[in-house]
Amino acid sequence: MAPYHVDRRPFAVDLARPLSTAAGTIDRREGWLVRVRTTDAEGGPTGVGEATPLPGWTESTATCRETLRARAGDALAESGRDLLAGVDDAPAARHGLALALADLAARRDGRPLWAHLLDCDDGGDAGDRGERTVRANATVGDAPPEATVD
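Here you go:
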């Protein structure tokens, strides 16, 4: 496979409702949309991911930015594994790159990402392997397990 081309675009989003944590209030998230394609696929599919660091829990915004910058352009990585090498200490950047790689693989196969992840076709039945929808961006508190389940 040809080397990958990586680019990124910054974004910032004000939260509709600020999130209060023990470490403070979070009212804005900043990150990068990450796009990955192979260098031989001009006009071919492009995978999209997002890298949104949460300083204090992930790497700093500056570290995430630098990690993505170092991989921008025509990366020398010949595989997705190579592209992700050395980013274990930057989980938000790694997530953005890994999600873009997974999305690229799904688009190459002509399937939505959820089907690619479940390894079933678009019209198939996920069976007992997972749900077709997943609630996202829910915050689980630090209450006892019984209270958290409710």
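Residue 1385 in this note's numbering sits at position 5 of the sequence shown, with consecutive numbering throughout. We put the CB at the ideal spot given by N, CA and C, even for glycine.
In terms of CA proximity to ARG1449, TRP1412 leads the group ALA1478, TRP1412, THR1528.
As computed with DSSP, GLY1411 is found in a beta bridge with PHE1391. In this structure THR1443 is in contact with ALA1470, their Cβ atoms being roughly 6 Å apart against a cut-off of 8 Å. Annotated three-state conformation of ARG1488 is helix, per DSSP. Per the coordinates, the alpha-carbon of GLY1429 lies some 17 Å from the alpha-carbon of SER1459.
CA-CA distance, LEU1464 to PRO1524, rounds to 36 Å. Here DSSP, grouped into helix, strand and coil, assigns GLU1446 to helix.
For THR1441, the three-state secondary structure derived from DSSP is helix.
A distance of 8 Å or more separates the beta carbons of ARG1474 and VAL1386. In the three-state reduction of the DSSP assignment, VAL1467 falls in the coil class. Around the Cβ of ASP1394, a 10 Å sphere holds fewer than 16 other Cβ atoms; the residue is exposed.
8 Å or more divides the Cβ of VAL1414 from the Cβ of ALA1392. Collapsing the DSSP output to three states places GLU1430 in a strand.
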